[in-house]
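Protein chains in written order, with our numbering: chain A, 233 to 353; chain B, 156 to 329.
In this text, a Cβ means the ideal position worked out from N, Cα and C, and glycines have one as well.
Take a look at the structure set out below.
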Amino acid sequence: MKKIKILFKLLIIFLFLQNYSLAENSQEVDKISKNLRCLICQGQSVYDSQSDFALSMKILIQNKIDEGKNDEQIYEYLKAKYGEWIVYDPEINKNTILLWVLPLILFVFGSILIFRKVSIK
Amino acid sequence: MSKNIKLISIVLFTLFSFFVLLKGLDKSNIYSPKIKESNIDFNFKAKYLFSEEEVFLNELLNNEGMSLINIWASWCLPCRNEHAYLLNLKSLNKLSIIGINYKDDEKNAKQFLIELGNPYTNIITDPRGINSIELGAFGVPETYLVDNKSKSIIQKFIGPLDDEAFAKLTKIIQ
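Laid out in structure tokens, this is it:
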């Protein structure tokens with residue numbers, strides 16, 4: 233009876249160890265896939281989506297991690313295949329300059345408005 | 156007077172927004188990089204369908220001329236519809252058609268080909284969908300016209316082939 237108990241405990245520990253290592257890996261996958269746009273499901277990240285595309289992408293990311301690639305390399309690899317659009321991090325270029333600059337302009341404009349209001353009073 | 160201007164500008168702005176959004180409706184939801192920008196590597200290994208042997212896709216693109224790479228699955232309904240176009244293309248005898256069997260069951264794939272005919276010169280499998288990602292694919296069906304020599308994609312068709320795509324393809328290969 234005691235032996236069985238010990239065996240049982242060992243089994244549980246073993247199972248936990250396995251789960252733990254799995255969780256460790258998929259955390260990294262989660263982190264990367266949250267930054268990737270699921271290209272066939274608008275408005276979802278690869279992490280959120282259960283589409284075939286997203287599922288395969290998660291496997292691929294896991295494989296790349298196993299190969300020893302870091303985040304940056306994986307993003308670059310996917311950008312080369314699917315273009316800039318796949319990452320939720322638009323680069324500053326001719327097409328996206330407005331996107332980056334507009335909040336700044338609005339901020340400056342807003343603060344000018346506030347300053348004028350305050351100084352009038 | 157200033158009330159009028161306000162009203163007119165609000166109406167104009169509403170109309171403007173309306174048309175911008177209306178135009179957005181027509182736009183395709185699939186964003187694909189320009190072919191020149193995309194960097195596709197055909198150098199990956201895959202298993203043949205109906206055989207245990209493995210092959211690099213590169214090796215299948217070795218003859219002169221062009222190849223057609225078609226991603227398909229027996230469970231994919233649009234693939235059924237585009238199959239006739241593939242058979243047609245095969246009968247032209249101008250290019251080799253390489254099938255990539257996407258996340259499929261071997262038995263069902265066989266049944267599919269028996270039922271509809273087999274246009275493929277070679278079929279490789281993609282049980283987990285990873286090989287398709289190597290090609291920059293979104294899913295099934297998807298078709299690429301590839302220049303064998305330069306190993307570059309000439310034309311990409313996302314979704315099933317249709318009359319328009321078929322006309323385009325035949326024009327390029329002839």
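DSSP, read as helix, strand or coil, puts A/Val278 in coil. B/Leu271 and B/Thr298 do not touch by the CB rule: their CB atoms are close to 16 angstroms apart, not below 8 angstroms. In the three-state reduction of the DSSP assignment, B/Ala292 falls in the coil class. For B/Gly291, the nearest CB of chain A lies under 8 angstroms from its own CB, placing it at the interface with that chain.
Under the three-state reduction of DSSP, A/Trp332 is assigned to helix. At least one beta carbon of chain A lies nearer than 8 angstroms to the beta carbon of B/Arg283. Interface annotation, A/Asn295: in contact with chain B, CB-CB separation under 8 angstroms.
In this structure B/Gly284 touches B/Lys258 by the C-beta definition: roughly 5 angstroms separates them, less than 8 angstroms.
In the DSSP secondary-structure assignment, B/Leu167 is not bridged to any residue.
Those residues of the stretch 253–264 of chain B placed with their C-beta closer than 7 angstroms to a C-beta in chain A are Lys258, ordered along the chain. The C-beta separation of A/Ser277 from A/Leu268 comes to about 6 angstroms, placing the pair in contact by the 8 angstroms criterion. Relative to the Cα of B/Ser206, the nearest Cα in the group B/Pro274, B/Asn256 and B/Asp318 belongs to B/Asn256.
DSSP, read as helix, strand or coil, puts B/Leu162 in helix. In this structure, the alpha-carbon of A/Ile293 lies about 11 angstroms from that of A/Tyr279.
Straight across, the Cα-Cα distance linking B/Leu268 with B/Phe174 is about 47 angstroms.
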